[in-house]
Amino acid sequence: MAHSSYTLAGTFAFPGMLGSIEATGCPRGARAEDRLNMRRKVTVVGAGNVGATAAQRIVEKELADVVLVDVIDGIPQGKGLDMYQSGAVEGFDMKIVGSNGYEETEGSDLCVITAGLARKPGMSRDDLLKKNEEIVADCVAKVTRYSKDLTLVMVTNPLDAMCEVARRVSKLPKNKVIGMAGILDSARMRAFIAMELNVSMQNIHAFVLGGHGDTMVPLPRYSTVAGVPITELMPPDRVEAICKRTANGGAEIVNFLKAGSAYYAPSAAAVEMVDSIFNDKRKILPCAAYLEGEYGIHGLFVGVPVVLGKNGIEKIIEIKLTAEESAALKKSADAVTELVEKLTV
Ligand code: NAD
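As structure tokens, then:
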């Protein structure tokens, strides 16, 4: 058989034998060029625990081709090549490359920012502010130079403040800068409810609002099992214990790991956002969104339920809160304000 050649466009050509066979996984019928244009491109900045796992989930779900960027020479290249090769076994055809620069990221539809320091035992997310502000500002400036019309999914902590850094540096519209936190916090709460009641997590919805920090606001009234609020399914002290464990969910894992913080659930949460946006699913998900009056909060990223679709945040959903819940949300927003006031960008 004639030797095969591989081009960046993703076409394998077998000279003199089969012509060319598309390896794009796109529908038949469209011209090859159009089919290639239909492919999505995601840049993941930070090839550490969260970034690399998110990249893997994105290609395994065939959501997009991925460019993995990191400052450490060899890490994104090695992880990218390794992941690409796993496609032969896992059966996905997305491309993934690693780089220390941003040229390869050109034309990305979406960027997941995970670059930065993670917590160590005894540290709060807020302790990461100064260093991660510098890193996030640098990454966002570079990625937006090569991709003008992209959506930013922010992961780096302290999350809500890093969303504000990204908004200021990118100058993207507010619907295009979205923070991942509430999905993770809600996933943790769902897991704890499932453990308590010994039922499937699939039947559980949980609601966590507010900033992604110690002041987050789990809402038991809106957290349900097969539509029934958990407040009707367990005594108040168990509900309270679950809310506490949820707010402390990140630290619990940091304390186990000792070096580094959680990444399986965080990457899954970020990729749920990518999926809802790319497939225009319009899922209602708790995300950090820039509020301009909603919930009485002005000019601040705070976790609230939003509709995520092809334009990023399609809608911010305002749910009715009790006086106590409103006060907790305000306290959480005040904690975010304190951090944002320390930003220098
Ligand atoms: P990690 O240390 O495993 O990975 C971070 C990576 O960022 C490293 O590979 C590092 O080399 C890279 N990096 C540093 N500076 C960079 C730069 N200027 N450009 C490109 N890459 C750079 O950490 P992790 O566990 O992947 O966590 C990443 C961030 O995500 C942390 O800030 C962590 O606190 C945060 N996080 C947030 C949530 C959330 O719910 N929002 C959940 C988990 C982790």
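The numbering of the sequence shown is this note's numbering, which starts it at 208 and goes up by one.
From the three backbone atoms N, C-alpha and C, an ideal C-beta is built for every residue, glycine too.
Predicted model only: the values in this text are computed from it and were never measured.
Is the Cβ-Cβ distance between residue i and residue j less than 8 Å?
i, j, result
"L359", "I400", "no"
"A388", "A295", "no"
"H419", "G503", "no"
"V424", "A535", "yes"
"C318", "L357", "yes"
"V276", "V481", "no"
"G417", "A322", "no"
"S354", "G329", "no"
Return the Cβ separation of residue i and residue j in integer angstroms, given the expectation that the two are a contact with Cβ distance under 8 Å.
i, j, result
"I385", "M369", "Contact doesn't hold; Cβ gap of about 12 Å is too wide."
"D421", "F508", "About 17 Å separates the two Cβ atoms, so there is no contact after all."
On the CB-based measure, 16 or more other CB atoms within 10 Å of its CB, does residue i come out buried or exposed?
i, result
"L546", "buried"
"K553", "What is shown of the chain runs 208 to 552, which leaves residue 553 out entirely."
"E447", "exposed"
"I228", "Bear in mind that the predicted position of I228 carries a pLDDT of just 37, short of 50, making it unreliable; the figure below should be weighed with that in mind. I228 is exposed by the Cβ-count criterion."
"K549", "exposed"
"V415", "buried"
"L336", "buried"
"R352", "exposed"
"Y470", "buried"
"K465", "exposed"
Output the distance between the C-alpha atoms of residue i and residue j, rounded to the nearest integer angstrom.
i, j, result
"I524", "G281", "43 Å"
"T312", "L324", "22 Å"
"L426", "E531", "11 Å"
"V432", "R264", "27 Å"
"S407", "R397", "9 Å"
"I437", "A413", "9 Å"
"Y497", "K327", "28 Å"
"G434", "R489", "20 Å"
"R242", "F485", "In this prediction, R242 has a pLDDT of 47, which is less than 50 and means its spatial position is unreliable; what the coordinates show is noted afterwards. Their backbone Cα atoms lie some 16 Å apart in a straight line."
"R395", "C450", "10 Å"
"E501", "S539", "15 Å"
"M290", "E297", "10 Å"
"D316", "R247", "6 Å"
"I526", "L492", "13 Å"
"D541", "K338", "22 Å"
"T551", "A262", "30 Å"
"E459", "E341", "27 Å"
"G285", "G456", "31 Å"
"T363", "V251", "12 Å"
"I520", "I390", "14 Å"
"V257", "G467", "10 Å"
What I want to know is whether the C-beta of residue i ends up closer than 7 Å to one or more non-hydrogen atoms of the ligand GTP.
i, result
"S293", "Only the ligand NAD can be found as ligands here, which leaves the ligand GTP out of the picture."
Should the segment 262-277 be called in touch with the segment 298-305, which here means at least 3 C-beta pairs below 8 Å? yes
Say whether the segment 424-443 touches the segment 476-485, bearing in mind that this needs 3 or more beta-carbon pairs closer than 8 Å, one atom from each stretch. no
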